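Participant: Sending over a structure as structure tokens; questions will come in a sec.
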Amino acid sequence: MKVKVNRDSCIGCGACAMICDEVFEIDDEGISTVKNEDVAEDKKQEVQDAVDSCPTGAIEVEE
Numbered sequence: 371m372k373v374k375v376n377r378d379s380c381i382g383c384g385a386c387a388m389i390c391d392e393v394f395e396i397d398d399e400g401i402s403t404v405k406n407e408d409v410a411e412d413k414k415q416e417v418q419d420a421v422d423s424c425p426t427g428a429i430e431v432e433e
């Protein structure tokens, strides 16, 4: 699974980083960024929860 954040859509609410801080973080500009786009198997559900919680749909997942 690969994950990325569309920075143009992200409003920096931080939900993704709160749900899965091993994959997402908020950068100096206040926008979410992906620490590592290749997600470990044991983090897939947390990433999906982050995707579902994103109010702008800025997180994209590729299997």
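Going by our numbering, the first residue of the sequence shown is number 371, and it counts up by one from there.
Ideal placement from N, C-alpha and C gives every residue a C-beta, glycine not left out.
Since we're looking at a predicted model, the values are computed, not measured.
Check the C-beta distance from Met371 over to Val417 and give it rounded, since I have them as a contact under 8 angstroms.
Facilitator: 7 angstroms
Participant: Distance, Cα to Cα, Ile389 vs Cys380?
Facilitator: 16 angstroms
Participant: Taking all protein chains shown into account, do 16 or more other C-beta atoms lie within 10 angstroms of the C-beta of Ala410, making it buried, or fewer, making it exposed?
Facilitator: exposed
Participant: Determine the closest residue to Val404 out of Asp419, Ala387 and Gln415, with distance taken between C-alpha atoms.
Facilitator: Ranking the options by Cα distance to Val404, first place goes to Ala387.
Participant: Using the Cα positions of Gly382 and Gln415, report the straight-line distance between them to the nearest angstrom.
Facilitator: 21 angstroms
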